[in-house]
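Chains as they are written, first to last, in our numbering: chain A, 46 to 136; chain B, 121 to 529.
Worksheet: the structure to be examined is printed underneath.
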Amino acid sequence: MATIRIPTPMRRYTNGERLVTVSADTVAAAIAELDGRFPGLRERLIDGDGQLHRFVTVFVGEQDVRLLGGLATPLEDETEVSIIPAMAGGA
Amino acid sequence: MAVERLRCRECGTEVPVGPVYVCERCFGPLEVVYDVEALRRLPLRQRIESGPRSMWRYADLMPVAYDPVVDLSPGFTPLVPAPRLGRTLGLRRLYLKNDSVNPTWSFKDRAVEIGAAAARRFGYEVLACASTGNLANSVAAHAARAGMRAFVFVPAGIERSKILASAIYGPTVIEVEGGYDEVNRLCAEIGEEHHWAFLNVNMRPFYSEGGKTLAYEVAEQLGWRAPDDAVIPIASGNLLVKICRGFQELVTLGLLSEAATRIHGAQAEGCAPVATAFRTGTEVRPVRPQTIAHSLAIGTPADGRYAIAAARATGGQIEAVTDEEIVDGMKLLAETEGIFTETAGGVTIATLRKLAAAGAIDAGGTTVAYITGIGLKTQEAVAAALPASVRIRPTLRAFEQAVLTTAAG
Numbered sequence: 046m047a048t049i050r051i052p053t054p055m056r057r058y059t060n061g062e063r064l065v066t067v068s069a070d071t072v073a074a075a076i077a078e079l080d081g082r083f084p085g086l087r088e089r090l091i092d093g094d095g096q097l098h099r100f101v102t103v104f105v106g107e108q109d110v111r112l113l114g115g116l117a118t119p120l121e122d123e124t125e126v127s128i129i130p131a132m133a134g135g136a
Numbered sequence: 121m122a123v124e125r126l127r128c129r130e131c132g133t134e135v136p137v138g139p140v141y142v143c144e145r146c147f148g149p150l151e152v153v154y155d156v157e158a159l160r161r162l163p164l165r166q167r168i169e170s171g172p173r174s175m176w177r178y179a180d181l182m183p184v185a186y187d188p189v190v191d192l193s194p195g196f197t198p199l200v201p202a203p204r205l206g207r208t209l210g211l212r213r214l215y216l217k218n219d220s221v222n223p224t225w226s227f228k229d230r231a232v233e234i235g236a237a238a239a240r241r242f243g244y245e246v247l248a249c250a251s252t253g254n255l256a257n258s259v260a261a262h263a264a265r266a267g268m269r270a271f272v273f274v275p276a277g278i279e280r281s282k283i284l285a286s287a288i289y290g291p292t293v294i295e296v297e298g299g300y301d302e303v304n305r306l307c308a309e310i311g312e313e314h315h316w317a318f319l320n321v322n323m324r325p326f327y328s329e330g331g332k333t334l335a336y337e338v339a340e341q342l343g344w345r346a347p348d349d350a351v352i353p354i355a356s357g358n359l360l361v362k363i364c365r366g367f368q369e370l371v372t373l374g375l376l377s378e379a380a381t382r383i384h385g386a387q388a389e390g391c392a393p394v395a396t397a398f399r400t401g402t403e404v405r406p407v408r409p410q411t412i413a414h415s416l417a418i419g420t421p422a423d424g425r426y427a428i429a430a431a432r433a434t435g436g437q438i439e440a441v442t443d444e445e446i447v448d449g450m451k452l453l454a455e456t457e458g459i460f461t462e463t464a465g466g467v468t469i470a471t472l473r474k475l476a477a478a479g480a481i482d483a484g485g486t487t488v489a490y491i492t493g494i495g496l497k498t499q500e501a502v503a504a505a506l507p508a509s510v511r512i513r514p515t516l517r518a519f520e521q522a523v524l525t526t527a528a529g
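Below is the structure:
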């Protein structure tokens, strides 16, 4: 089971839950599973072209999935997945 | 004038002001909303010109009220004519906006003044940030000034001077194993769990407004005119976007009759996601930074796409330069104009040189290069490129032998 951290701006879709566990084995499958439990979440994360929304960054463990396998990035047991708004930070 | 609302840049959704930075509907960035009509009714030019010699002369155009508790009086830094550098590059009217003379020696003080005032407005007692060094210095200093606690997060292995220049003010300095992008991600997550004001995360809509004062000052210092070309370093891209916006707002507010400034961006080749996307016409793709310009080493630049839009809309270019060109740029600026800038300034000068050589800048027009930080913080970058000093016995003979013969040769 992988654990997904839900950022504050998305918690109203998860009834306030900030940690959700999923049995999916890829990022894409995890998002589908999330959407099954919390309808509407997929739309917040994936754009019309089936890609991660440009204002969303997803990390698997310590890595940005765009530097891994994107939505196909595999999830192992006990992996932590973090969803982070892309607009944070800046110098 | 204190703002009361935030608006999503992407979908236009408005929310009351608060410590939030992304739109709940689309995740787009939230920005402060000014009452432009009320501002237009004020005698702005007179109010500005009679204001303090700091960024707070533009208090009417800031999103928070002036807060003396956090004020270190940054801004209103010199706009220096650069005739010797200009001759070298073939530019007739070149100016340098020397923002390395701020209270903590970088442009970051402008953003932190506003972000720290916002943090106090929202009742925070702890200031924090994700930083490549300069922002951490500024946050630590402002927290000290205000008697607040500070936690500053930086990538492990940044320049020693940037660590020291935070530590002296008494914050907790956390070196995170990873680059800036990892630090940033960690801070976004900490911000979810702890009631801290992260200047460049949950204070970002306020904090990022500070960059606009770099447009206001240049326009005022040029006699209420906008330059023809401006060259600005890109890390997240936010500074470039805000300077561009600053010139446009002065037109909207009637302080400038027009602003046709070409906005050019400067990156290091070892971290050039914005320059690459500008050249190829694609979305900004993340990179793993590898450059001596640590303060610009953001592999996932939050405002990258807006920086590209600003350059395109104004007819500007975004270029990248090698580490060797960065060092040459730092030396060139120091040797021609007597200003010792950090690596980011080297990126700006090297890019200016490249753009001038390519004819992308109007050689007869007014050009402004933004020098955003001081060289003493990044001495490692140039140490190996500088000649050793001459060491002698205290005798005239030794002097004449070692120094005059060397100099003559």
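Ideal placement from N, C-alpha and C gives every residue a C-beta, glycine not left out.
These figures come from a predicted structure and were not determined experimentally.
Which residues DSSP lists as bridging residue i, in chain order
i, result
"E125(A)", "T48(A)"
"Q387(B)", "A440(B)"
"V296(B)", "P275(B)"
"Q341(B)", "According to DSSP, which records beta bridges pairwise, Q341(B) is partnered with nothing at all."
"V200(B)", "L216(B)"
"Q108(A)", "V105(A)"
"I494(B)", "T461(B)"
"D349(B)", "R382(B) and T487(B)"
"V184(B)", "Answer is none; V184(B) lacks a bridge partner."
"P172(B)", "Answer is none; P172(B) lacks a bridge partner."
Spatial distance of residue i from residue j (CA atoms)
i, j, result
"P514(B)", "I418(B)", "49 Å"
"V371(B)", "Y336(B)", "11 Å"
"C131(B)", "G435(B)", "26 Å"
"T197(B)", "L247(B)", "25 Å"
"C391(B)", "H315(B)", "33 Å"
"E62(B)", "P119(A)", "Outside the shown range of chain B (121 to 529) lies residue 62(B), about which nothing can therefore be said."
"T333(B)", "G106(A)", "39 Å"
"G206(B)", "F367(B)", "23 Å"
"P507(B)", "F519(B)", "18 Å"
"A379(B)", "A339(B)", "9 Å"
"A483(B)", "Y426(B)", "27 Å"
"R204(B)", "G479(B)", "19 Å"
"R173(B)", "A179(B)", "12 Å"
"F242(B)", "P139(B)", "7 Å"
"P275(B)", "D423(B)", "20 Å"
"P183(B)", "R408(B)", "34 Å"
"T525(B)", "R517(B)", "11 Å"
"A260(B)", "I283(B)", "11 Å"
"R212(B)", "G343(B)", "18 Å"
"A131(A)", "C307(B)", "12 Å"
"A413(B)", "Y58(A)", "41 Å"
Limits of the unbroken alpha helix (DSSP H) element including residue i
i, result
"A489(B)", "Not the alpha helix (DSSP H): A489(B) falls in the beta strand (DSSP E), residues T486 to I491."
"C364(B)", "N358 to T372"
"F271(B)", "Element bounds for F271(B): not the alpha helix (DSSP H) but the beta strand (DSSP E), R269 to P275."
"R165(B)", "L164 to E169"
"E500(B)", "Q499 to A503"
"L90(A)", "L86 to L90"
"A263(B)", "N254 to A266"
Residue span of the beta strand (DSSP E) that contains residue i, given as start and end
i, result
"D482(B)", "No beta strand (DSSP E) contains D482(B), which DSSP labels as neither H nor E."
"P136(B)", "E134 to P136"
Amino acids of chain B, ordered along the chain, whose beta-carbon sits closer than 9 Å to that of residue i
i, result
"T71(A)", "Correct list: empty, because the minimum Cβ distance to chain B is about 19 Å."
Under 9 Å from the C-beta of residue i: neighbouring residues of chain E
i, result
"E62(A)", "In the structure shown, chain E cannot be found, because the protein chains are A and B."
For residue i, three-class secondary structure by DSSP
i, result
"Y215(B)", "strand"
"A430(B)", "helix"
"G309(B)", "The sequence shown places Glu at residue 309(B), not Gly. Three-state DSSP puts E309(B) in a helix."
"S226(B)", "strand"
"V152(B)", "strand"
"F398(B)", "helix"
"P130(A)", "strand"
"E457(B)", "helix"
"V189(B)", "helix"
"P393(B)", "helix"
"R125(B)", "strand"
"P325(B)", "helix"
Chain A contact residues for residue i, given Cβ-Cβ distances below 8 Å
i, result
"C391(B)", "Ordered by position in chain A, no residue passes the 8 Å Cβ test against C391(B), which lies about 11 Å from the chain."
"R408(B)", "L112"
"G148(B)", "F100 and M132"
"Y141(B)", "P130, M132 and A133"
"T498(B)", "Per Cβ cutoff of 8 Å: no residues; T498(B) is ~14 Å from chain A at best."
Per-residue contacts from residue i into chain B (C-beta, under 7 Å)
i, result
"M46(A)", "Ordered by position in chain B, no residue passes the 7 Å Cβ test against M46(A), which lies about 20 Å from the chain."
"F83(A)", "Those within 7 Å of F83(A) in chain B number zero; the least Cβ separation is about 14 Å."
"T59(A)", "By Cβ distance, chain B contributes nothing, its closest Cβ being about 13 Å from T59(A), past 7 Å."
Within chain A, partners of residue i - CB distance below 7 Å
i, result
"E302(B)", "E107"
"E312(B)", "P52 and T53"
Within chain B, partners of residue i - CB distance below 8 Å
i, result
"S68(A)", "None at all; the shortest Cβ gap to chain B is about 23 Å."
Per-residue contacts from residue i into chain A (C-beta, under 9 Å)
i, result
"R305(B)", "T102, F104, E107, D109, S127, I129, A133 and G134"
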